[in-house]
Amino acid sequence: MGAINTPNGFNLDNSGRRVVVDPVTRIEGHMRCEVNLDDNNVIRNAVSTGTMWRGLEVILRGRDPRDAWAFTERICGVCTGTHALTSCRAVEDALGIQIPENANSIRNIMQLCLQVHDHLVHFYHLHALDWVDVVSALNADPKATSDLAQSISSWSRSSPGYFRDIQNRIKKFVESGQLGPFMNGYWGNPAYKLPPEANLMAVTHYLEALDFQKEIVKIHTIYGGKNPHPNWLVGGMPCAINVHDTGAVGAINIERLNLISSIIDQTIEFVDQVYIPDLIAIASFYKDWLYGGGLSSKSVMSYGDIPDRANDYSASNLLMPRGAIINGNLKEIHEIDLRAPDEIQEFVTHSWYKYPDESKGLHPWDGITEPNFALGANTKGTRTAIESLDEAAKYSWIKAPRWKGHAMEVGPLSRYIIGYAQGNPEFKEPVDKLLATLGLPLEALFSTLGRTAARGLEASWAAHKMRYFQDKLMANIKAGDSSTANIDKWNPASWPKSAKGVGFTEAPRGALGHWIVIEDTKIKNYQCVVPTTWNGSPRDPSGNIGAFEAALMNTKVEVADQPVEILRTLHSFDPCLACSTHVMSPDGQEMATVKVR
Amino acid sequence: MSQKKVLILGIGNLLWADEGFGVRAMEYLHTHYQFPDHVQLLDGGTQGIYLVQYVEEADILVVFDAIDYGLAPGTLKRIEDGEVPRFMGAKKMSLHQTGFQEVLAMAQLLDRYPEHLLLIGVQPVELEDFGGSLRPEVKAQIEPAAQLALTYLAEHGIHAIPRPQLQADQTPGHAALHLHDYETQRPSAAQACRIGDERFLGRIQYEPA
Numbered sequence: 057m058g059a060i061n062t063p064n065g066f067n068l069d070n071s072g073r074r075v076v077v078d079p080v081t082r083i084e085g086h087m088r089c090e091v092n093l094d095d096n097n098v099i100r101n102a103v104s105t106g107t108m109w110r111g112l113e114v115i116l117r118g119r120d121p122r123d124a125w126a127f128t129e130r131i132c133g134v135c136t137g138t139h140a141l142t143s144c145r146a147v148e149d150a151l152g153i154q155i156p157e158n159a160n161s162i163r164n165i166m167q168l169c170l171q172v173h174d175h176l177v178h179f180y181h182l183h184a185l186d187w188v189d190v191v192s193a194l195n196a197d198p199k200a201t202s203d204l205a206q207s208i209s210s211w212s213r214s215s216p217g218y219f220r221d222i223q224n225r226i227k228k229f230v231e232s233g234q235l236g237p238f239m240n241g242y243w244g245n246p247a248y249k250l251p252p253e254a255n256l257m258a259v260t261h262y263l264e265a266l267d268f269q270k271e272i273v274k275i276h277t278i279y280g281g282k283n284p285h286p287n288w289l290v291g292g293m294p295c296a297i298n299v300h301d302t303g304a305v306g307a308i309n310i311e312r313l314n315l316i317s318s319i320i321d322q323t324i325e326f327v328d329q330v331y332i333p334d335l336i337a338i339a340s341f342y343k344d345w346l347y348g349g350g351l352s353s354k355s356v357m358s359y360g361d362i363p364d365r366a367n368d369y370s371a372s373n374l375l376m377p378r379g380a381i382i383n384g385n386l387k388e389i390h391e392i393d394l395r396a397p398d399e400i401q402e403f404v405t406h407s408w409y410k411y412p413d414e415s416k417g418l419h420p421w422d423g424i425t426e427p428n429f430a431l432g433a434n435t436k437g438t439r440t441a442i443e444s445l446d447e448a449a450k451y452s453w454i455k456a457p458r459w460k461g462h463a464m465e466v467g468p469l470s471r472y473i474i475g476y477a478q479g480n481p482e483f484k485e486p487v488d489k490l491l492a493t494l495g496l497p498l499e500a501l502f503s504t505l506g507r508t509a510a511r512g513l514e515a516s517w518a519a520h521k522m523r524y525f526q527d528k529l530m531a532n533i534k535a536g537d538s539s540t541a542n543i544d545k546w547n548p549a550s551w552p553k554s555a556k557g558v559g560f561t562e563a564p565r566g567a568l569g570h571w572i573v574i575e576d577t578k579i580k581n582y583q584c585v586v587p588t589t590w591n592g593s594p595r596d597p598s599g600n601i602g603a604f605e606a607a608l609m610n611t612k613v614e615v616a617d618q619p620v621e622i623l624r625t626l627h628s629f630d631p632c633l634a635c636s637t638h639v640m641s642p643d644g645q646e647m648a649t650v651k652v653r
Numbered sequence: 056m057s058q059k060k061v062l063i064l065g066i067g068n069l070l071w072a073d074e075g076f077g078v079r080a081m082e083y084l085h086t087h088y089q090f091p092d093h094v095q096l097l098d099g100g101t102q103g104i105y106l107v108q109y110v111e112e113a114d115i116l117v118v119f120d121a122i123d124y125g126l127a128p129g130t131l132k133r134i135e136d137g138e139v140p141r142f143m144g145a146k147k148m149s150l151h152q153t154g155f156q157e158v159l160a161m162a163q164l165l166d167r168y169p170e171h172l173l174l175i176g177v178q179p180v181e182l183e184d185f186g187g188s189l190r191p192e193v194k195a196q197i198e199p200a201a202q203l204a205l206t207y208l209a210e211h212g213i214h215a216i217p218r219p220q221l222q223a224d225q226t227p228g229h230a231a232l233h234l235h236d237y238e239t240q241r242p243s244a245a246q247a248c249r250i251g252d253e254r255f256l257g258r259i260q261y262e263p264a
């Protein structure tokens, strides 16, 4: 290839050493990443590959549309509820079903709860170890750690004795040789910048967050009837409300509503007193590591979510911002239309699928998912043991979705950039405050760190919005409305012969859409375009690179065979490729295999 | 002894043929037997880290899963207590091990590791059949696997009572995913491609580019 310029403004050069990371660890699903480094160890070309085939769409053909949510809930080990919600909305859109206000409030609480939970777990259990050195925490002074913790937050668990106990527990764990979750780390790498005390504080909160996250999901258990796979319903929510009910099973009663209320309060407290202060403390040591902006300063998109009133999905009724920004012009926010055949299209020129004409993209309603695994002429290795891929040919199981031809970044940072550009104080003020605290300019937001920070701010936003909808629900119930479902169109005999619908949400990791075609009461076509398809997409026919590839560009790697910087940036997107299964991981729970060629 | 909290956990992805063994075995126990209140049955799916809160609460943990132990397809394997993490670290055993091994390690880190742990695994026959169900050899191991679990629980003083009639309507999970509907309502192979991951597709003949 040599050097080329992409239409979306990146200069690619694949002549330097090739570094291959496969699998990328601490993500959901299977992903491979290849980069070329120049003589100064700076990334000059990036190739992101989804190594797992997503085929949920095809197994839904011929099934009952009312059951689709239950299948989509099994796509992934994390965003179960988000897929189910999106699926319900797609069917409701197709059949013109209106849901009751209470169902809208409960769905919003479920969705916001998933946002907070996912962001918290991502930050502490999947991403923090890219910034926090666990082994260094063993050298921390517990007293100094206590001073540090008390200087940044009023959180009560911060005594020297508490940190000493945790440190001893970690020490015992590490000495037992069972590193477990801490096995996948490049401990001691010079890219780690935190002092031992900040490391100990963060590792302590890793454990506290692990302990606390189980409280948050009780909300899913109550409103969804069970967890980990909560129940959903086309037309509303499958939970009955009866405030006077006293039994231990059955309807949502006042006792359960109060329990949820109390969990929401605890969640707000934990996020605002632990997560946000930790985020600021960690970021303050990485202020000069502002790599990873990629597409965020150019093209971002959000479908919007969290309808204030039920059944109105227009931008003005969505509390989570909706719109698209292109070419970095924050002054203009474009409306997006998920139904327009020429707006959202998926391309497969570099994906292992077959289209009749691959120079064109297909709108999801017309989507085709037909596998076609073929490697380019410049692939090195064999087809089952690939040494390096040929990115000039097909190289990923992820399709390349584009909005009006543009590669777009999606996720919390995109949502915050759009909210900021709209001048919405709920998004602008926390960003300005955070940047002022860290002494950073607005440009710093467009970075790996910005992505991680936006996720934290959004966790706080979502926790507070849960309170808003819980209060709204309680008020509505008190006013005498206990309806949670509309079953007027439950009977397929009431449906038209054919119907098309689209459902969308903002999943924790970005814009999610399900497109459904119903014919003779059965599913004729079903296509999911998931956030990681947007962010992790390969190139398109015009040569535009996707968000992962763009974000890796021009990053300096300290140690070529310990690419913590690559993991840092990829993890900042909270990638989720677990769209079908977790099988086929190589022997044991090994570290990311890194090969330098 | 009978007050110990027990968790019977089925893990795996229902949508990938024999990958669904763990969940189906748990479903079988639920539909055929009634357990005391301190026994919880859970369809863990592919949840990984999100299962830690269930695992840490258990004194006795019984896990059903598809395992790759290099055995003849359809072979049942019983692994107990200390053997579980040891084998998990040494060799790929559970097909979800990246997820579930981490769950066990996290429970240990929280100092709440189950006192007794039994893993009942089966070597899969077929995984490369997306949207498919269990193969006959694996399906035939559900009942013996359930018996292993019942025997183990009885040794710990926990006795399940056979249900007079099958608990058909209240199985955990959505009806469309229950074995009968799942199998009978499947689209045909002509309608829906049934192969998946490139490591599977790699075994299929194709024309080099």
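Residue numbers (the working numbering), protein chains in the order written: chain A, 57 to 653; chain B, 56 to 264.
We put the beta carbon where it would ideally sit given N, CA and C, even for glycine.
Beta-carbon separation (whole angstroms), L116(A) vs A124(A), contact threshold 8 Å: As a working note, residue 116(A) is residue 60 in the first sequence. As a working note, residue 124(A) is residue 68 in the first sequence. About 6 Å separates the two Cβ atoms, so the contact holds.
Using a Cβ-Cβ cut-off of 7 Å (strictly less than) and excluding sequence neighbours within five positions of N245(A), which residues of its own chain qualify? Taking the first sequence and counting its residues from 1, one reaches residue 245(A) at position 189. Closer than 7 Å at Cβ, skipping near neighbours: E614, V615, Q618, V620.
To which residues of the same chain is Q58(B) closer than 8 Å at the C-beta, ignoring the five residues directly before and after it? Against the second sequence, residue 58(B) aligns to sequence position 3. Contacts found: H93.
My assumption, with CB atoms under 8 Å, is that I389(A) sits in contact with I320(A). Please give the rounded CB distance. Residue numbering aside, residue 389(A) sits at position 333 when the first sequence is read from its first letter. Residue numbering aside, residue 320(A) sits at position 264 when the first sequence is read from its first letter. Their Cβ separation, rounded to whole angstroms, is 31 Å, which puts I389(A) and I320(A) out of contact at 8 Å.
Distance check for D576(A) and H211(B), CA to CA, integer angstroms please. Position 156 of the second sequence holds residue 211(B). Position 520 of the first sequence holds residue 576(A). Their Cα atoms are separated by approximately 54 Å.
Kindly list, in the order they appear in chain B, the residues whose Cβ is closer than 7 Å to that of R130(A). Here residue 130(A) refers to the residue found at position 74 when the first sequence is read from its first residue. Under the 7 Å cutoff, chain B gives N68, L69, L70, G100.
Please confirm whether D537(A) and N158(A) have their CB atoms less than 8 Å apart. Locating residue 537(A) in the first sequence gives position 481, where the first residue counts as 1. Locating residue 158(A) in the first sequence gives position 102, where the first residue counts as 1. Against a cut-off of 8 Å, the Cβ pair of N158(A) and D537(A) comes out as a contact.
Beta-carbon of L96(B) versus every beta-carbon of chain A: anything under 8 Å? Within the second sequence, numbered from 1, the residue matching residue 96(B) stands at position 41. It does not; no Cβ of chain A falls within 8 Å.
What ranges does the beta strand (DSSP E) occupy inside the region 376-437 of chain A, keeping only unbroken runs of at least 3 residues that lie completely in it? 379-381, 400-403
Give me the chain B residues within the contact set of H181(A), using Cβ-Cβ distance strictly less than 8 Å, ordered along the chain. For the purposes of this step, residue 181(A) is identified with residue 125 of the first sequence, where counting begins at 1. Chain B residues near H181(A): I104.
Outcome for N164(A) when other beta-carbon atoms lying within 10 angstroms are tallied against a minimum of 16: Translated into positions along the first sequence, residue 164(A) becomes position 108. Classification for N164(A): buried.
Name the residue from V91(A), D78(A), I336(A) whose alpha carbon lies nearest to the alpha carbon of K612(A). Locating residue 612(A) in the first sequence gives position 556, where the first residue counts as 1. Closest option to K612(A), Cα to Cα, is V91(A).
Beta carbon proximity, F142(B) to chain A, threshold 8 Å: Here residue 142(B) is taken as the residue at index 87 of the second sequence, counted from 1. In this prediction, F142(B) has a pLDDT of 48, which is less than 50 and means its spatial position is unreliable; nothing more can be read from the coordinates.
8 Å Cβ cut-off: residues of chain B touching A184(A): Counting from 1 along the first sequence, the entry for residue 184(A) is found at position 128. Simply none; closest approach about 14 Å.
Rounded to the nearest angstrom, what separates H151(B) and G99(B) at their Cα positions? Here residue 151(B) refers to the residue found at position 96 when the second sequence is read from its first residue. Here residue 99(B) refers to the residue found at position 44 when the second sequence is read from its first residue. With a pLDDT of only 45 at H151(B), under the threshold of 50, the placement of this residue in the model should not be trusted; the figure read from the coordinates follows. Going by the C-alpha atoms only, they are around 11 Å apart.
How would you write the range of the alpha helix (DSSP H) that H269(B) sits in, first residue to last? Residue 269(B) is absent from the structure shown; chain B starts at 56 and stops at 264.
Using the beta-carbon count (16 or more within 10 Å), is Q220(B) buried or exposed? If you number the second sequence from 1, residue 220(B) lands on position 165. With fewer than 16 Cβ atoms within 10 Å of its Cβ, Q220(B) is classed as exposed.
Please go through the same chain and pick out, in chain order, the residues whose beta-carbon is closer than 6 Å to the beta-carbon of L126(B), but skip the five residues on each side of it. The residue you call residue 126(B) lines up with position 71 of the second sequence. Excluding sequence neighbours, L126(B) sits near Q178.
Measuring only the C-alpha atoms, how far is D203(A) from N97(A)? Residue numbering aside, residue 203(A) sits at position 147 when the first sequence is read from its first letter. Residue numbering aside, residue 97(A) sits at position 41 when the first sequence is read from its first letter. Straight-line Cα distance between these residues: approximately 38 Å.
Does the region 579-593 of chain A come into contact with the region 428-441 of chain A, if we say contact requires no fewer than three beta-carbon pairs (one atom in each stretch) closer than 8 Å? no
Segment limits, beta strand (DSSP E) that includes C144(A): Position 88 of the first sequence, counted from the start, is the residue given in the question as residue 144(A). Segment 136-151 is the alpha helix (DSSP H) holding C144(A); no beta strand (DSSP E) there.
Pairwise C-alpha distance: F525(A) and R365(A): Numbered from its first residue, the first sequence carries residue 365(A) at position 309. Numbered from its first residue, the first sequence carries residue 525(A) at position 469. Those two C-alpha atoms are separated by around 10 Å.
Where does F142(B) fall in DSSP's three states? Numbered from 1 along the second sequence, position 87 holds the residue referred to as residue 142(B). Confidence at F142(B) is low in this model, with a pLDDT of 48, below 50, so its placement is unreliable and the value that follows should be read with caution. Reduced to three states, the DSSP call for F142(B) is helix.
Taking the straight line between their C-alpha atoms, what separation do you get for L205(B) and H276(A)? The sequence position of residue 205(B) within the second sequence is 150, counting from 1. The sequence position of residue 276(A) within the first sequence is 220, counting from 1. Rounded to the nearest angstrom, the two C-alpha atoms are 31 Å apart.
Span of the beta strand (DSSP E), counted from its first residue to its last, around A366(A): For this step, residue 366(A) is matched to residue 310 along the first sequence. A366(A) -> no beta strand (DSSP E), and no H or E assigned at all.
Do the CB positions of I454(A) and S407(A) come within less than 8 Å of each other? On the first sequence, position 398 is the one that residue 454(A) refers to. On the first sequence, position 351 is the one that residue 407(A) refers to. For I454(A) and S407(A), yes; Cβs fall inside 8 Å.
Secondary structure at I275(A), three-state DSSP: helix, strand or coil? Sequence index remark: in the first sequence, residue 275(A) carries index 219 (1-based). Residue state, collapsed to three classes: helix.
Please determine, among F560(A), S593(A), W551(A), N610(A), the residue with the shortest C-alpha to C-alpha distance to R122(A). Counting from 1 along the first sequence, the entry for residue 122(A) is found at position 66. Of the listed residues, the one whose Cα sits closest to R122(A) is W551(A).
Could you name the residues of the region 325-337 of chain A whose beta carbon sits closer than 7 Å to any beta carbon of chain B, in the order they occur along the chain? none
Tell me, which residues are paired with T561(A) by DSSP? Here residue 561(A) refers to the residue found at position 505 when the first sequence is read from its first residue. BP columns for T561(A) point to L568(A).
Counting only Cβ pairs nearer than 8 Å, list the residues of chain A close to L165(B). Your numbering for residue 165(B) matches position 110 in the second sequence. Going along chain A in sequence order, the residues near L165(B) (Cβ under 8 Å) are L263, L266, D267.
So, using beta-carbon positions, are V103(A) and E605(A) closer together than 8 Å? Taking the first sequence and counting its residues from 1, one reaches residue 103(A) at position 47. Taking the first sequence and counting its residues from 1, one reaches residue 605(A) at position 549. Yes, Cβ-Cβ distance for V103(A) and E605(A) is below 8 Å.
Under the three-state reduction of DSSP, which class applies to C169(A): helix, strand or coil? Along the first sequence, one-based indexing puts residue 169(A) at 113. It is helical.
Just to make sure I have the definition right: I need the residues of chain B whose C-beta is within less than 9 Å of the C-beta of P284(A). Which are they? Working through the first sequence from its first residue, we reach residue 284(A) at position 228. Within 9 Å Cβ-Cβ: L97, D98, G99, G100, Q102, Y105, L106, Y109.
Beta-carbon proximity of G348(A) to T625(A), cut-off 8 Å: Along the first sequence, read from residue 1 onward, the residue named residue 348(A) stands at position 292. Along the first sequence, read from residue 1 onward, the residue named residue 625(A) stands at position 569. Contact: yes.
Is K612(A) helix, strand or coil when you go by DSSP? Here residue 612(A) refers to the residue found at position 556 of the first sequence. Three-state DSSP puts K612(A) in a strand.
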